Amino acid sequence: MADFEPRIIAFLCHWCTYTGADLAGTTRQQYPPNIRIVHLMCSGSVDTIYVLKALMDGADGVLIGGCHPGDCHYQTGNYKARRRVAILKGILKEMGFSDERIWLRWISASEGKLFADTVTRMVDELRKMGPNPMRQLWDA
Amino acid sequence: MAKQAVLEITDGKMEEALRGLLKRLLEKKVVDAILIPKAAPPGNSYVQSLIRDPEKLSGTSVLAPTMPVQSARVVSHLTFKGLGQKVLAVLKPCEVRAVVELVKFLQVKQENLYLMSVDCPGTFEVLDYAKMSEEAVGGEGLERVLREGMENGEVNPPAGYHFRTACQMCEYPVVEADIYLKLFGYKADEKIGIEVGDRLHGEIEEKGILSFSAEEPAKRSEVVNKVIAARTKKRDEAFAEFKEVTKDLRSFLDRFSTCVRCHNCMVACPICYCKECVFRTSVFEHEGDQFLRWADRKGAIRMPTDTLMFHLIRLSHMVTSCIGCGLCESACPSRLPVATLFRSVGEKVQKMFQYVPGRKVDEAPPVATFREDELKLESGAL
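Residue numbers (our numbering), protein chains in the order written: chain A, 4 to 143; chain B, 1004 to 1385.
Rendered as structure tokens:
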């Protein structure tokens, strides 16, 4: 387990969290390289299908990043994302799968440090949790 | 305010009395057509029929004991592009609740659509009912047995048969409709209670079809509560038992290993209405080399790879609106407990939003709305 490196798929909104991630880079914030970013226009366009697909294909965690409540570029996308994530987490919890592998976080374009800290923290937590058990479900 | 009336039954023939009422509704143009289950010619099943000619009402049954399709789907087909004339759809309570959900998703248009429903004793699987007719325990005899049970709230199926699993644990045997027929607590061979809502009672009274002055028998609410309590108990037992299956995804997959991926549960579901279903698109198609890479990494992988995906995505699409009709389970060739799955997960998720699917058309479904000040735990905190 010592050499377990969690893999995180991140769905980041264009206006806040993706720009925040950019800022983390330009200001040379250090954070672990365990994250693969999918750039979307809005957290509201994250279909839960893709969160499930990422987990099922072996991601250890999924991070969804959007604008702070009230700051959505499209007014309400982040509120809709919040509902969808809550429903998905509710379902997974009922099915005996830890919903702690899915993180929804509000990180604005100016919060490069918060982005770096979030990723660092998430990698630590996932390292403690170990590999995603969904990976084994494919085994024949 | 809804108004109450009573329909007298002669010679114990309830369906006959109701056919008389439906006939008057058609003849006096209260409605232009009636959608109602009608006995299929060999007499071993029922099929939803759209009736305009009052003479064609013979063989129709308000209390049809089996439901081959979820009529909410039929109502959706009928009303989707708008109805030019008035149609009365005779539905079971779970079908009314599915229609309410479909109204919210813009799949049913309410204009010119009127709903009639009836206290539900439960229904039988299609094949069970066909067998019952062969053994001559179906038809009018069965209807009488059910009604007699409903008088006191102790409904028992004929020996050797049982109600559909979903019906056994359905805590909504009573709903609201434009015309609602009450059997629980009414003297089985004498009376049917009729409650008519605001959209119709004026016209019905004016045209002399019913007169409204009746009151419910005192014991009705007690009988209804007894039925609901028994079914709720059954439901909780089923949920508790099912916990074992959903304790982790591995147990779930093991229990569902006989899933044949026919997607029947999806086809039968009234809530799954997408014209282009994601499972019929190429979203999850991969190149052969991709599968080979996965297999290479693990030594061997299950093919196809989508059983768990299918059920989880279906859950995430319809579970907040699942009204628990259980037609998914009736449609499953492997007899998997899909209805219990959707209901048990659904109950938890619906509770998160204090949402009761199928209750009122003006309550927005959880997936279609949000509140700014909710779900605080998710926001911002690291």
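Using N, Cα and C, we set each Cβ at its ideal position, and we do this for glycine too.
Note that the coordinates shown come from a computational prediction; the quantities given were computed from them, not determined experimentally.
For residue j and residue i, the rounded distance between their alpha carbons
i	j	result
T1013 (chain B)	E1146 (chain B)	15 Å
L1038 (chain B)	D1251 (chain B)	44 Å
D6 (chain A)	K131 (chain A)	12 Å
K1016 (chain B)	R1022 (chain B)	10 Å
M1321 (chain B)	T29 (chain A)	43 Å
Y1189 (chain B)	I1195 (chain B)	6 Å
G1046 (chain B)	V1129 (chain B)	12 Å
P1071 (chain B)	V1050 (chain B)	7 Å
A1169 (chain B)	L1330 (chain B)	8 Å
A84 (chain A)	L66 (chain A)	12 Å
H76 (chain A)	I38 (chain A)	24 Å
T51 (chain A)	R87 (chain A)	7 Å
H1314 (chain B)	I12 (chain A)	22 Å
L1295 (chain B)	A1303 (chain B)	9 Å
V1009 (chain B)	V1199 (chain B)	11 Å
E1058 (chain B)	C1277 (chain B)	37 Å
Y1358 (chain B)	P1176 (chain B)	18 Å
S113 (chain A)	K56 (chain A)	30 Å
W106 (chain A)	K1107 (chain B)	30 Å
V1099 (chain B)	V1348 (chain B)	22 Å
A1133 (chain B)	L1256 (chain B)	33 Å
S1254 (chain B)	L140 (chain A)	10 Å
E1366 (chain B)	K116 (chain A)	41 Å
Contacts that residue i makes with chain A (C-beta to C-beta distance below 8 Å)
i	result
F1083 (chain B)	Chain A residues near F1083 (chain B): none, gap ~25 Å exceeds 8 Å.
E1375 (chain B)	P72, G73 and Y82
Under 8 Å by beta carbon: chain B residues contacting residue i
i	result
F100 (chain A)	D1251 and L1252
E97 (chain A)	T1249, S1347, V1348, K1351 and V1352
P136 (chain A)	D1251, L1252 and R1253
Local conformation of residue i per DSSP, three classes
i	result
H1080 (chain B)	helix
A143 (chain A)	coil
I110 (chain A)	coil
V1364 (chain B)	coil
Y1164 (chain B)	coil
E1138 (chain B)	coil
V1370 (chain B)	helix
P1340 (chain B)	coil
I1207 (chain B)	helix
A1067 (chain B)	coil
P134 (chain A)	coil
V49 (chain A)	coil
E1381 (chain B)	At E1381 (chain B) the pLDDT is 45, less than 50, meaning the model places this residue with poor confidence and gives no usable figure here.
R85 (chain A)	helix
E1198 (chain B)	strand
I12 (chain A)	strand
V1226 (chain B)	helix
A1017 (chain B)	As written in the sequence, residue 1017 (chain B) is Met, which differs from the Ala given in the question. In this structure, M1017 (chain B) counts as helix in the three-state DSSP scheme.
L1130 (chain B)	helix
Interface partners of residue i on chain B, CB under 7 Å
i	result
G93 (chain A)	K1351, V1352 and M1355
A143 (chain A)	A1303, I1304 and R1305
Residue i classed as buried or exposed, judged by whether at least 16 other C-beta atoms fall within 10 angstroms
i	result
H1080 (chain B)	exposed
R1238 (chain B)	buried
K1363 (chain B)	exposed
S1319 (chain B)	buried
H1289 (chain B)	exposed
Q1353 (chain B)	buried
P1044 (chain B)	exposed
P1293 (chain B)	Per the sequence presented here, residue 1293 (chain B) reads as Gln, with Pro not at that position. With fewer than 16 other Cβ atoms within 10 Å, it is exposed.
S1260 (chain B)	exposed
A1042 (chain B)	buried
R1338 (chain B)	exposed
Q1110 (chain B)	buried
V1286 (chain B)	exposed
Contact list for residue i against chain A, beta-carbon separation under 9 Å
i	result
V1281 (chain B)	D50 and I52
P1369 (chain B)	R86, A89 and I90
L1109 (chain B)	Result: empty, since nearest Cβ-Cβ is about 18 Å, beyond 9 Å.
Within chain A, partners of residue i - CB distance below 7 Å
i	result
P1360 (chain B)	Residues of chain A passing the Cβ test: none, with the nearest at roughly 13 Å.
L1256 (chain B)	L140
L1091 (chain B)	Under the 7 Å cutoff, chain A gives no residues; its nearest Cβ is about 36 Å from L1091 (chain B).
L1378 (chain B)	R85 and A89
Residue i beta carbon near the ligand HEM (any heavy atom closer than 6 Å)
i	result
A1008 (chain B)	As presented, the structure is devoid of all ligands, the ligand HEM included, so that no description of it is given.
Please list, in chain order, the residues of the segment 1235-1253 of chain B that have any C-beta partner in chain A closer than 8 Å.
T1249, K1250, D1251, L1252 and R1253
Chain-ordered residues of the segment 44-58 of chain A with a beta carbon less than 8 Å from chain B:
Here the close residues are T51, I52, L55 and K56.
Please list, in chain order, the residues of the segment 66-90 of chain A that have any C-beta partner in chain B closer than 8 Å.
H71, P72, G73, T79, Y82, K83, R85, R86, R87, V88, A89 and I90
Got a sec: which bits of the segment 1312-1342 of chain B sit with their beta carbon under 7 Å from any beta carbon on chain A, in order along the chain?
Under the 7 Å Cβ criterion, the segment 1312-1342 of chain B contributes M1312, L1315, I1316, L1318, S1319, V1322 and T1323.
Listed from N- to C-terminal order along the chain, which residues in the segment 1189-1222 of chain B have their beta-carbon within a distance smaller than 8 Å of any beta-carbon of chain A?
none
Going along the chain, which residues of the segment 1014-1047 of chain B sit with their C-beta nearer than 7 Å to a C-beta in chain A?
none
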